[in-house]
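Colleague: For the sequence shown, my numbering assigns the number 866 to the initial residue and increments by one for each residue that follows.
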Amino acid sequence: MSMSHYYLLGRSGLRVSPLSLGTMTFGKEGPLGGIWGSTEDVARTLFNRYLDAGGNSVDTADLYTHGTSETLLGKFMEERGDRDRIVLTTKYTYNSTRPGDPNAGGNSRKNMMRAVEASLRRLRTDYIDLYLLHTWDRITPAEEVVRTFDDLVRAGKIRYAGLSDVPSWYAARAQTWAEAHALTPLINLQLQYSLVERSLEHEFSPLAQTLGMGITAWSPLGMGLLSGKYRPSEGGAQGDGRLISAVGGQQLGLFTERNWRIVTVLEQVAKELGKDMSQVALNWVATQPGVGSVILGASNPSQLDGNLAALDFSIPAGLRRQLDEASAPPVPFPHSMFSNPYQLDLHGKAAVGDKPAGYTSPVFTGTAARVG
Ligand SMILES: NC(=O)c1ccc[n+]([C@@H]2O[C@H](COP(=O)([O-])OP(=O)(O)OC[C@H]3O[C@@H](n4cnc5c(N)ncnc54)[C@H](OP(=O)(O)O)[C@@H]3O)[C@@H](O)[C@H]2O)c1
866 MSMSHYYLLG
876 RSGLRVSPLS
886 LGTMTFGKEG
896 PLGGIWGSTE
906 DVARTLFNRY
916 LDAGGNSVDT
926 ADLYTHGTSE
936 TLLGKFMEER
946 GDRDRIVLTT
956 KYTYNSTRPG
966 DPNAGGNSRK
976 NMMRAVEASL
986 RRLRTDYIDL
996 YLLHTWDRIT
1006 PAEEVVRTFD
1016 DLVRAGKIRY
1026 AGLSDVPSWY
1036 AARAQTWAEA
1046 HALTPLINLQ
1056 LQYSLVERSL
1066 EHEFSPLAQT
1076 LGMGITAWSP
1086 LGMGLLSGKY
1096 RPSEGGAQGD
1106 GRLISAVGGQ
1116 QLGLFTERNW
1126 RIVTVLEQVA
1136 KELGKDMSQV
1146 ALNWVATQPG
1156 VGSVILGASN
1166 PSQLDGNLAA
1176 LDFSIPAGLR
1186 RQLDEASAPP
1196 VPFPHSMFSN
1206 PYQLDLHGKA
1216 AVGDKPAGYT
1226 SPVFTGTAAR
1236 VG
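(1) Kindly indicate which residue of 1043, 978 and 960 has the alpha-carbon position closest to the one of residue 970.
(2) Do residue 998 and residue 956 have their C-beta atoms within less than 8 Å of each other?
(3) From residue 1053 to residue 899, what distance separates their C-alpha atoms?
(4) Would the C-beta of residue 906 count as close to ligand 1, meaning under 7 Å from any of its heavy atoms?
(5) Determine the direct distance from the alpha carbon of residue 1057 to that of residue 1130, and round the result to whole angstroms.
(6) Could you check if residue 1055 belongs to the surroundings of ligand 1, using beta carbon to heavy atom distance under 7 Å?
(7) Is the beta carbon of residue 889 within less than 7 Å of some heavy atom of ligand 1?
(8) Compare the beta carbon distance of residue 1059 and residue 1029 with 8 Å and say whether it is the shorter of the two.
(9) Which stretch, first to last residue, makes up the alpha helix (DSSP H) that contains residue 896?
(10) By DSSP, does residue 1093 sit in helix, in strand, or in coil?
(11) Taking the alpha carbon of residue 1042 as the point to measure from, which residue in 1020, 1024, 1013 and 1023 has its own alpha carbon closest?
(12) Pairs of beta-carbons, one from the segment 929-943 and one from the segment 974-988, closer than 8 Å: are there three or more?
(13) For ligand 1, is there a heavy atom less than 7 Å away from the beta-carbon of residue 1239?
(14) Please report how far the alpha carbon of residue 902 lies from the alpha carbon of residue 1198, in whole angstroms.
(15) Does any heavy atom of ligand 1 sit closer than 7 Å to the C-beta of residue 999?
(16) Which residue from 1026, 892, 1110 and 972 puts its Cα closest to that of residue 952?
(17) In the DSSP assignment, the beta strand (DSSP E) including residue 1214 goes from what residue to what residue?
(18) Whether or not the segment 1175-1189 and the segment 1093-1112 are in contact is what I'm after, with contact meaning three or more pairs of Cβ atoms, one per stretch, closer than 8 Å; do they touch?
(19) Look at the alpha carbon of residue 1063 and the alpha carbon of residue 1163, and state the distance between them as a whole number of angstroms.
(20) I'd like the span of the alpha helix (DSSP H) that includes residue 1243, first residue to last.
(21) Which term fits residue 1045, buried or exposed, when burial requires 16 or more other beta carbons within 10 angstroms of its beta carbon?
(22) Quick one: what's got a C-beta closer than 7 Å to residue 1142's C-beta in the same chain, skipping five residues either side?
(23) Just grab the DSSP bridge partners of residue 1083 for me.
(24) Mind reading off the beta-carbon distance from residue 1017 to residue 1035? Whole number of angstroms is fine, and I expect it under 8 Å.
(25) To the nearest angstrom, report how far apart residue 933 and residue 878 are at their CA atoms.
(26) For residue 891, which beta-bridge partners are listed by DSSP?
(27) Based on the DSSP output, what are the partners of residue 954 in its beta bridges?
(28) Would you say the segment 1184-1196 touches the segment 908-915, given that touching needs at least three Cβ pairs under 8 Å?
(29) According to DSSP, simplified to helix, strand and coil, what is residue 1031?
(30) Around the C-beta of residue 1175, are 16 or more other C-beta atoms found within 10 angstroms, so that it is buried, or is it exposed?
(31) Grab the span of the alpha helix (DSSP H) containing residue 1150 for me, first residue to last.
(32) Report buried or exposed for residue 993, applying the criterion of at least 16 other Cβ atoms within 10 angstroms of its Cβ.
(33) With DSSP run on the structure shown, which of helix, strand or coil describes residue 1187?
(34) What does residue 1023 pair with, by DSSP beta-bridge criteria?
(35) Excluding sequence positions up to five away, which residues of its chain have a Cβ less than 8 Å from the Cβ of residue 1117?
(36) Cβ of residue 1047 within 7 Å of any heavy atom in ligand 1?
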């Protein structure tokens, strides 16, 4: 796997790099931008370096740095003059412009139509490649969202659609509704996924592969925790980075005993491989089932350079097992019912789960089909 290979995202013909560029930290506006954000010069360097390395997939949102992330990307794309090579993702949901106006936020048809026009203006483009609902608003019916995505595709304003941070039942409802009514299918689920956040594996990994939605993984380094630059200390952690800040790892619940154990095993594995901890953590996510692309975050060019080399090696099975075991998430009900002892009873004690070599499920599993 390398940056010069492109994956099909979900059940679509869209090819994306296995590592995407996250731009949540482009700009210094907004509450988080003030703490985590990069200057325009640093952001431009990261953007150009990523594209020069062969990457084609760039992720933003109208929320990020109060629209500055989109504004900077619009400027950088114009400077480079190769807008069409880029697979540009942006998202809507949050009301960051009109406090007090209930329809300037949420996932309704009215807000999606407003938000897409504002994003197009900031991005200085007339189309968005992949448009995502950012976060479930607990109100808007999936049917309304899917129908509006379809209208935007037909109007030429977006090319593809997907969902970020929604419950699995909502994603399943949206996709089956789209299929049943021949509307634009959803090709992407953008979700948090890392060695310290694996809860999506129970529902979303099989959902994504079965219904043709490629997963793109956000915060693959646990916001920097898995880079190894933080150490536990009295009452929290010490280290130099965004997690030691007003909105840091303590508040985000990242500095737990479990997470420190995962960091310790990751450090040992990285040492054996002669790689950076960040590279091993990114490689692990990129090679998990259902993952189409991993969204990189970087605060400076040297971090980005290191992270872009994360796919230049393979993690041998034995070392991967150590990472899997150290980070295994608790198995919630009803998934605890699906382990082998129960399944054996269910099948009258006939052996199950031993598929003949070469067997492939008749269900579509094209998420990670590789081209190039
Ligand atoms: N859909 C959503 O709800 C959602 C939510 C969050 C993010 N996202 C997307 O996902 C992208 C990535 O998220 P993220 O920034 O949280 O990802 P991450 O990879 O978990 O964290 C990135 C941060 O880790 C540190 N880091 C990265 N590489 C490093 C290295 N080699 N050595 C040491 N430290 C390193 C840097 O922070 P320091 O400043 O501390 O050095 C960097 O900003 C975002 O830009 C955004 O596009 C989406």
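Note that CB positions come from ideal geometry on N, CA and C, so glycine has one too.
Modeller: Concretely, from the data shown:
(1) For this step, residue 970 is matched to residue 105 along the sequence shown. Check the Cα spacing between residue 970 and each of 1043, 978 and 960: the tightest is with 960.
(2) Start at 1 with the first residue of the sequence shown, and residue 998 comes out as number 133. Start at 1 with the first residue of the sequence shown, and residue 956 comes out as number 91. Result yes, Cβ atoms of residue 998 and residue 956 sit closer than 8 Å.
(3) Taking the first residue of the sequence shown as position 1, residue 1053 is located at position 188. Taking the first residue of the sequence shown as position 1, residue 899 is located at position 34. Going from the Cα of residue 1053 to the Cα of residue 899 covers about 30 Å.
(4) On the sequence shown, residue 906 is found 41 positions in, with the first residue counted as 1. Not one heavy atom of ligand 1 sits closer than 7 Å to the Cβ of residue 906.
(5) Here residue 1130 corresponds to residue number 265 of the sequence shown, with the count starting at 1. Here residue 1057 corresponds to residue number 192 of the sequence shown, with the count starting at 1. Computed Cα separation, rounded: 21 Å.
(6) Locating residue 1055 in the sequence shown gives position 190, counting from the first residue. Indeed, a heavy atom of ligand 1 lies less than 7 Å from the Cβ.
(7) On the sequence shown, residue 889 is found 24 positions in, with the first residue counted as 1. Residue side-chain check: residue 889 places its Cβ nearer than 7 Å to a non-hydrogen atom of ligand 1.
(8) Locating residue 1059 in the sequence shown gives position 194, where the first residue counts as 1. Locating residue 1029 in the sequence shown gives position 164, where the first residue counts as 1. Here residue 1059 is not near residue 1029, since their CB atoms are 8 Å or more apart.
(9) In the sequence shown, the residue the question calls residue 896 occupies position 31. Element bounds for residue 896: 895-901.
(10) Position 228 of the sequence shown, counted from the start, is the residue given in the question as residue 1093. In this structure, residue 1093 counts as coil in the three-state DSSP scheme.
(11) Here residue 1042 corresponds to residue number 177 of the sequence shown, with the count starting at 1. The option with the nearest alpha carbon to residue 1042 is 1013.
(12) Remark: three or more beta-carbon pairs, one from each stretch, lie closer than 8 Å, so the segment 929-943 and the segment 974-988 are flagged as touching.
(13) What the structure shows of the chain is the stretch from 866 to 1237, and residue 1239 is not part of that stretch, so it cannot be assessed.
(14) The sequence position of residue 902 within the sequence shown is 37, counting from 1. The sequence position of residue 1198 within the sequence shown is 333, counting from 1. The C-alpha of residue 1198 is placed about 40 Å away from the C-alpha of residue 902.
(15) As a first step, residue 999 must be located in the sequence shown, where it is residue number 134. It does: the Cβ of residue 999 is within 7 Å (strictly closer) of some heavy atom of ligand 1.
(16) Translated into the one-based positions of the sequence shown, residue 952 becomes position 87. Considering only alpha carbons, the answer is 1026.
(17) Walking along the sequence shown from the start, residue 1214 turns up at place 349. DSSP places residue 1214 in no beta strand (DSSP E); its state is neither H nor E.
(18) The segment 1093-1112 vs the segment 1175-1189: no contact.
(19) To locate residue 1063, count along the sequence shown from 1; it is residue 198. To locate residue 1163, count along the sequence shown from 1; it is residue 298. Per the coordinates, the alpha-carbon of residue 1063 lies some 21 Å from the alpha-carbon of residue 1163.
(20) No answer is possible for residue 1243: the residues shown for the chain start at 866 and end at 1237.
(21) Indexing the sequence shown from 1 puts residue 1045 at position 180. Residue 1045 should be labelled exposed.
(22) Working through the sequence shown from its first residue, we reach residue 1142 at position 277. Excluding sequence positions up to five before and after residue 1142, its CB lies within less than 7 Å of the CB of 1091, 1092, 1093, 1131, 1132 and 1135, all in the same chain and listed in chain order.
(23) For the purposes of this step, residue 1083 is identified with residue 218 of the sequence shown, where counting begins at 1. Answer is 1057.
(24) To locate residue 1017, count along the sequence shown from 1; it is residue 152. To locate residue 1035, count along the sequence shown from 1; it is residue 170. The beta-carbon separation of residue 1017 and residue 1035, rounded to 19 Å, does not stay under the 8 Å limit for a contact.
(25) Position 68 of the sequence shown, counting from 1, holds the residue named residue 933. Position 13 of the sequence shown, counting from 1, holds the residue named residue 878. One C-alpha to the other measures close to 30 Å.
(26) In the sequence shown, counting from the first residue as 1, residue 891 sits at position 26. Under DSSP, residue 891 shares a beta bridge with 903.
(27) The residue you call residue 954 lines up with position 89 of the sequence shown. Paired residues: 924 and 995.
(28) At 8 Å Cβ cutoff, the stretches do not touch.
(29) The count along the sequence shown starts at 1 and reaches residue 1031 at position 166. Coil.
(30) In the sequence shown, residue 1175 corresponds to position 310, counting from 1. Answer is buried; the Cβ neighbour count reaches 16.
(31) For the purposes of this step, residue 1150 is taken as the residue at position 285 of the sequence shown. For residue 1150, the enclosing alpha helix (DSSP H) starts and ends at 1142-1151.
(32) Position 128 of the sequence shown holds residue 993. It counts as buried.
(33) Start at 1 with the first residue of the sequence shown, and residue 1187 comes out as number 322. Helix at residue 1187.
(34) Residue numbering aside, residue 1023 sits at position 158 when the sequence shown is read from its first letter. Looking at the DSSP assignment, residue 1023 forms a beta bridge with 993.
(35) Within the sequence shown, numbered from 1, the residue matching residue 1117 stands at position 252. Cβ neighbours of residue 1117 beyond the five flanking positions: 1088 and 1108.
(36) Along the sequence shown, read from residue 1 onward, the residue named residue 1047 stands at position 182. No; taking the cut-off as 7 Å, the Cβ of residue 1047 has no heavy atom of ligand 1 nearer than that.
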